[in-house]
Amino acid sequence: MLHHILAAPLVAIVVTVVFMQAAVLVAGSARRRDYRRFEDQSGQKIVERFAFPEVAPGEAQERYRRLTTVRDRTHQAANAAQTRYYNAVLRSSGCLVLAFLALAFSMLLSSGMPEEVRVPLERLVAWLDATATLAVLALFLDGRLRNAPWLSARSCAELMRQYQILETVLPGPQSRAGETAEAAEAEAARIARLVDDGPSKTLATRVEQIWHSRRAEIAARAMDRCDLAPEGLLLYLTKRPRRQLVWFVDSGARLEHIAERRKKVLLGLYIAAVALSLLNLVLLLMERPLSDYIHPVLLIVVGLAAAMTALSVNQNSRSLIHRYRIQERSIAGWLDGFDRRWGFSTLSATERDAATKAAMRDEILKFEDLMIEELIDWLYITSHDSIELAP
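FYI, in the working numbering the residues of the sequence shown are 74 to 464.
Pasting the structure below:
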């Protein structure tokens, strides 16, 4: 007798877990496919537009290499935090679909069915509905808890990416003394401590303060012979503004593609809902019993259409697309201005006096201002519109 009582809740738990993982696998696969499709799509075109001369490897390249390990570790931590957050949101969505299906299936259960069949099915559907609904709430709350760690980890990763490239082109005293890796470890620990030193709602302010402190320290340094060496400057232009331009162009195109695909799915659901509603009306007027079987399908379609509509209205892809396009224009404008002022083609061979180096340093700091502004905007967008499954 006990196993009959426990069968329904156990099956409901297993089915709920299956739907959770199916949502992660299906959506995760689509997300990876979108990334691969648009990854480095604009790279060749942008490299041709902003072409830099080749420079033989030297001290700057070696400094950049020694800093890569620490930067990669913070980047991997940010990716892991992002994955944990996304999976919680996806599992919640899978449970919501299951609750819809359970509700629709309950409408198919007829009082005319044999009791030995109807009663177990009613019990199972009730458990499915309760289990899935409870899981939706739990996973939604879990997703909200995982959002803040993701934002913090992403902030640490971006600040360390900035530190690496600035130490390459404008090395600090420790980097000049050959203590690159040790200084990077200390900086990563300092950034993590400052980023986590306060509530998530003031994270953007702390990121801005970290950058202002770093900016002031770099601006106050006396120019050294290894500052803005041709190799370091070209490495900076290649791996910072030009690479970031490729990323923003491709990411904007990817988000626009996803938004367009979402519109097509939503249109299809609207059309299906209208068709089913009309069919249901016709069958009802004709007094055909098939209308009873259309109700569950219509409920599912209308429910999915409502969910997709809410997603389209409340997700943050529109805000991100707008922000990415602004950043794309800003970076392209910065590169054009740098080229007009100093000329990319002459950077590998030009000897620069202290005044020219100081002017170039100011331009680099202005570019880093752009990157910090984008990070802060991203923090505001992602902390308030937390459904979009994006980078």
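Built from N, CA and C at the ideal position, the CB exists for glycine as well. Computed from a predicted structure; not experimentally measured.
CA-to-CA distance, residue 128 to residue 458, given in whole angstroms:
Residue placement at residue 458 is flagged as unreliable, the pLDDT there being 49, under the threshold of 50; a coordinate-derived value is accordingly withheld.
Is it true that the CB of residue 202 sits closer than 8 Å to the CB of residue 172?
Yes, these two residues count as a Cβ contact at 8 Å.
Can you give the Cα-Cα distance for residue 160 and residue 427, rounded to whole angstroms?
Roughly 52 Å between the two C-alpha positions.
Skipping 5 residues on each side, what residues in its chain have a beta carbon closer than 6 Å to that of residue 284?
Non-local beta-carbon contacts of residue 284 in its own chain, meaning distances under 6 Å to residues more than five positions away in sequence, involve 445 in chain order.
At what residues does the alpha helix (DSSP H) containing residue 168 begin and finish?
Counting along the chain, the alpha helix (DSSP H) containing residue 168 begins and ends at 132-179.
Spatial distance of residue 74 from residue 336 (CA atoms):
Any reading at residue 74 needs caution, since the residue's pLDDT is 46, under 50, leaving its predicted position unreliable; the model's value is listed next. If I take the Cα positions, the gap works out to 51 Å.
Straight-line Cα distance separating residue 231 from residue 253
When rounded, the separation of the alpha-carbon atoms in residue 253 and residue 231 is 18 Å.
Any C-beta of chain B sitting closer than 8 Å to the C-beta of residue 319?
Any reference to chain B falls outside this structure, which holds one protein chain only.
Taking the straight line between their C-alpha atoms, what separation do you get for residue 163 and residue 208?
Going by C-alpha positions, residue 163 is about 12 Å away from residue 208.
Any chance the region 224-243 sits against the region 299-312, with 3 or more Cβ pairs inside 8 Å?
Under the Cβ criterion (8 Å, minimum of three pairs), the region 224-243 counts as touching the region 299-312.
The alpha helix (DSSP H) enclosing residue 319, as first and last residue numbers:
Run containing residue 319: 316-358, per the alpha helix (DSSP H) assignment.
DSSP three-state label for residue 102, please.
Here DSSP, grouped into helix, strand and coil, assigns residue 102 to helix.
Over the uninterrupted alpha helix (DSSP H) stretch that includes residue 411, give me the two end residues.
In this chain, the alpha helix (DSSP H) harbouring residue 411 covers 390-415.
Which residues bound the alpha helix (DSSP H) around residue 305?
303-310 is the span of the alpha helix (DSSP H), which, as asked, contains residue 305.
Could you tell me the distance, in whole angstroms, from the CA atom of residue 98 to the CA atom of residue 342?
So the two alpha carbons sit approximately 23 Å from each other.
Output the boundary residues of the alpha helix (DSSP H) element that contains residue 112.
Neither: residue 112 is in no alpha helix (DSSP H) and is coded neither H nor E.
Give the secondary structure of residue 244 by DSSP, where H, G and I count as helix, E and B as strand, and everything else as coil.
Coil, per DSSP.
With 16 as the cutoff for other CB atoms within 10 Å, does residue 344 come out buried or exposed?
Exposure of residue 344 is indicated by the presence of fewer than 16 other C-beta atoms within 10 angstroms of its C-beta.
Determine the burial state of residue 314: buried for a count of at least 16 other Cβ atoms within 10 Å of its Cβ, exposed for fewer.
When all chains shown are included, residue 314 counts as buried.
For residue 292, the nearest candidate out of 435, 86, 103 and 141 (CA to CA):
Checked all of 435, 86, 103 and 141; the closest Cα to residue 292 is 435.
Might you give, ordered along the chain, the residues of its own chain that have their beta carbon closer than 6 Å to the beta carbon of residue 151, omitting 5 neighbours on each side?
The residues are 226, 227 and 230.
Is the distance from the Cβ of residue 430 to the Cβ of residue 301 below 8 Å?
Yes; because the gap between Cβ atoms is below 8 Å, this pair is in contact.
Within 10 angstroms of the Cβ of residue 112, are there 16 or more other Cβ atoms? Answer buried if so, exposed if not.
Flag for residue 112 reads exposed.
How is the alpha helix (DSSP H) around residue 253 delimited, first residue to last?
Following the DSSP letters along the chain, one finds residue 253 inside the alpha helix (DSSP H) bounded by residues 253-268.
Span separating the alpha-carbon of residue 139 from that of residue 287:
For residue 139 and residue 287, the distance between alpha carbons rounds to 20 Å.
Tell whether a beta-carbon distance below 8 Å holds between residue 396 and residue 454.
Closer than 8 Å, so yes.
Residue nearest to residue 402 in terms of C-alpha spacing, selected from 258, 320, 303 and 125:
The residue with the shortest Cα to Cα distance from residue 402 is 320.
Could you give the distance in angstroms between the alpha-carbon of residue 205 and the alpha-carbon of residue 350?
Roughly 27 Å between the two C-alpha positions.
Quick one: Cα of residue 452 to Cα of residue 332, how far?
Residue 452 and residue 332 have their C-alpha atoms roughly 21 Å apart.
Could you give the residue range of the alpha helix (DSSP H) that holds residue 290?
That run of the alpha helix (DSSP H) goes 276-293.
Assign residue 271 to one of three DSSP states: helix, strand, or coil.
In the structure shown, residue 271 sits in coil (DSSP, three-state: anything other than H, G, I, E or B).
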